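Novice: Pasting a structure here, questions to come.
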Amino acid sequence: RGKGAAVKTALGRATCEISVIHDADLEYHPRDLIRIVDVFLDEEADAVYGSRFAGGRVRRVLLYRHQLGNEFLTFLCNMVNNINLTDMETCYKAVRTQLLKSIPLESDDFRIEVELTVKLAKRHARLFEIPISYSGRTYEEGKKINWKDGFRALWALAKFAMSDNVYQHDIYGSHILARLSRAPKFNVWMADTIRQYCGNRVLEIGSGVGNLSLKLMPRVKYVASDVNPLYLQTLEALSNDRPYMQTSYCDVTNVASFPQLDEGYDTVICLNVIEHLEDDRRALLNIRSVLAPRGRAIILVPQGQWNFGTLDTVLGHQRRYSKVALAALARHSGFEATHILEFNRFGTAAWFFNGKILGRRSFGLLQIKLLNLLTPLLRRIDPLLPLPGLSLIAIMERRDTAPQGSRVAAAANAQLKTADAKKE
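See below:
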């Protein structure tokens, strides 16, 4: 069926740490494998390409027109993805197996070269090149690539440059996160909303790939955390040139997994997390345990159980919140909700239309791009719209006294049970 199909078949059987795509006709020399592995060890690479054009001790003369075609495609790929490869079409590619398996590969033929490169770039993979030996065949010797494949590669570049299908569907909702990352102006709006409440020692829980984290830095200390190992790899790459940034695994339901700070954090950011949990109070108690006295928790949750729809189901939401329920939950967890902000009123209508009326299970890419385009206007008119916010942002200050007891617990649980009953 083609090279791409062969790669996907082999990947389904791969169990090793690094997977190497290597043509079987021995144009590329297996002896270079050791040098490629060294880059993974020395540079913590996510992917390593063997380049025929990077330059080395000895360079074999190649077919000139064939090289021109390769360089042109590489140039376009670099322009689209803002990277600086020398050989995008190389058939000597090594990628961490876990990362490679998390990428949905669609191509069955030579277009796999373009697709993989574009998707690695969109995943912010740590990509390296090394010069390799190359003994190119002539067409008389059986070389198959021709000008038709060049046009197919151009089409693939245009197709995958416009696509956000860079994550397999998984328990973390990675494909949805990838789509939302196409609205960077919306993330700026969210960051601007909470920035004034952030201190200098920050723990962010559920950082994803850092869409929000980067907009809240720098800080004296910023710990970006997640439970998804692939997100942590991306965050680790972001931290390489940011000495104030640290990455850590952190499960908000398990206090033992929290990264500790001797003096305590003055801010814990937890956005779009606790609505996924059966025991949201336990999560807040865990957050409280790592905060310094009078430290703040910034909690964002979806608002309005009446707006619970198919989008909530796909995202794994257990509930949506009211201001009263959120304030009661804060008190019961040892916090005082000093501010509860309504955020993104326009989004309430879009969420209701997509999730309640149309029953959609994701937002269309066009909708996300439109959201990004309109965000500067929406954030100006948002306070004027006669709608409740799609989300609530609670600024919770840690109280010195212990969490309130059974009376507040009963009130909070009663409100949450009422919300669950309405959902059913």
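Take the sequence shown: its letters are residues 1 to 424, numbered as in this note's numbering. Cβ coordinates follow ideal geometry from the N, Cα and C atoms, glycine included. Source: prediction; values computed, not measured.
(1) Among all the DSSP beta bridges, which residues are the ones paired with residue 22?
(2) Are there 16 or more other CB atoms within 10 angstroms of the CB of residue 204, so buried, or fewer, so exposed?
(3) Would you call the region 242–255 in contact with the region 286–295, where contact means no fewer than 3 C-beta pairs closer than 8 Å?
(4) Could you tell me whether the Cβ atoms of residue 47 and residue 93 are closer together than 8 Å?
(5) Residues in its own chain within less than 7 Å of residue 333 by CB, not counting five upstream and five downstream?
(6) So for residue 13, helix, strand or coil by DSSP?
(7) Looking only at its chain, what residues have a beta carbon closer than 6 Å to the beta carbon of residue 107, apart from the 5 residues adjacent to it on each side?
(8) Leaving aside the five residues before and after residue 110 along the sequence, list all residues of the same chain whose C-beta is less than 6 Å from its C-beta, in chain order.
(9) For the region 223–263, which segments carrying the alpha helix (DSSP H) assignment without a break, of at least 4 residues, lie completely within its bounds, in sequence order?
(10) Does the count of Cβ pairs from the region 309–326 and the region 264–281 closer than 8 Å reach three?
(11) Could you check the C-alpha separation between residue 362 and residue 213 for me, to the nearest Å?
(12) Indicate whether residue 160 and residue 95 have their beta-carbon atoms separated by less than 8 Å.
(13) Does the beta-carbon distance from residue 197 to residue 221 come in below 8 Å?
(14) For residue 162, name the three-state secondary structure that DSSP assigns.
(15) Whose C-beta lies closer than 6 Å to the C-beta of residue 246 among residues of the same chain, with five residues either side of it excluded?
(16) Where does the unbroken alpha helix (DSSP H) through residue 310 begin, and where does it stop?
(17) Can you tell which of 338, 232 and 389 has its C-alpha closest to the C-alpha of residue 174?
(18) Thinking residue 348 and residue 387 are a contact (beta carbons under 8 Å), I'd like their distance in whole angstroms, please.
(19) Can you tell me whether DSSP reads residue 367 as helix, strand or coil?
(20) Per the DSSP calculation, residue 198 is bridged to which residue(s)?
(21) Just reading off the beta strand (DSSP E) that residue 268 is part of, what are its end residues?
(22) Got a sec? Which residues, its chain only, sit under 8 Å from residue 360 by beta carbon, not counting five neighbours each side?
(23) Please tell me whether residue 315 has its Cβ less than 8 Å away from any Cβ of chain D.
(24) Assuming contact is defined by CB atoms lying nearer than 8 Å, are residue 390 and residue 326 in contact in what I supplied?
(25) Straight-line CA distance for residue 52 to residue 27?
(26) Out of curiosity, what's the CA-to-CA distance linking residue 201 and residue 395?
Specialist: In short:
(1) Start at 1 with the first residue of the sequence shown, and residue 22 comes out as number 22. DSSP output for residue 22 lists 92 as bridge partner(s).
(2) As a first step, residue 204 must be located in the sequence shown, where it is residue number 204. Per the 10 Å Cβ criterion, buried.
(3) yes
(4) Translated into positions along the sequence shown, residue 47 becomes position 47. Translated into positions along the sequence shown, residue 93 becomes position 93. Cβ atoms of residue 47 and residue 93: closer than 8 Å.
(5) Here residue 333 is taken as the residue at index 333 of the sequence shown, counted from 1. 281, 284, 285, 288 and 403.
(6) By 1-based counting over the sequence shown, the position of residue 13 is 13. It is coil, neither helix nor strand.
(7) In the sequence shown, the residue the question calls residue 107 occupies position 107. Contacts found: 4 and 115.
(8) The residue given as residue 110 occupies position 110 in the sequence shown. Cβ neighbours of residue 110 beyond the five flanking positions: 3 and 149.
(9) 229–239
(10) yes
(11) On the sequence shown, position 362 is the one that residue 362 refers to. On the sequence shown, position 213 is the one that residue 213 refers to. Rounded to whole angstroms, residue 362 to residue 213 spans 24 Å at the Cα level.
(12) Translated into the one-based positions of the sequence shown, residue 160 becomes position 160. Translated into the one-based positions of the sequence shown, residue 95 becomes position 95. Not closer than 8 Å, so no.
(13) Within the sequence shown, the letter at position 197 stands for residue 197. Within the sequence shown, the letter at position 221 stands for residue 221. For residue 197 and residue 221, no; Cβs fall outside 8 Å.
(14) Position 162 of the sequence shown, counted from the first residue, corresponds to residue 162. Correct three-state label for residue 162: coil.
(15) By one-based count along the sequence shown, residue 246 stands at place 246. Counting only Cβ-Cβ distances below 6 Å, and skipping sequence neighbours, we find 223.
(16) Here the question's residue 310 lines up with position 310 in the sequence shown. Start and end: 310–315.
(17) On the sequence shown, position 174 is the one that residue 174 refers to. Among 338, 232 and 389, the Cα nearest to that of residue 174 is on 232.
(18) Translated into positions along the sequence shown, residue 348 becomes position 348. Translated into positions along the sequence shown, residue 387 becomes position 387. About 5 Å separates the two Cβ atoms, so the contact holds.
(19) Mapped onto the sequence shown, residue 367 falls at position 367. Looking at residue 367 - three-state DSSP - the assignment turns out to be helix.
(20) For the purposes of this step, residue 198 is identified with residue 198 of the sequence shown, where counting begins at 1. For residue 198, which the question treats as bridged, DSSP gives no partner whatsoever.
(21) What you label residue 268 is simply residue 268 of the sequence shown in a count that begins at 1. Note, residue 268: beta strand (DSSP E), 265–271.
(22) The sequence position of residue 360 within the sequence shown is 360, counting from 1. Contacts found: 310, 311 and 354.
(23) No chain D is present in this structure, which holds just one protein chain.
(24) Stepping through the sequence shown from its first residue, residue 390 is reached at position 390. Stepping through the sequence shown from its first residue, residue 326 is reached at position 326. Contact flag unset, no.
(25) For this step, residue 52 is matched to residue 52 along the sequence shown. For this step, residue 27 is matched to residue 27 along the sequence shown. Approximately 11 Å between the Cα atoms of the pair.
(26) By one-based count along the sequence shown, residue 201 stands at place 201. By one-based count along the sequence shown, residue 395 stands at place 395. So the two alpha carbons sit approximately 16 Å from each other.
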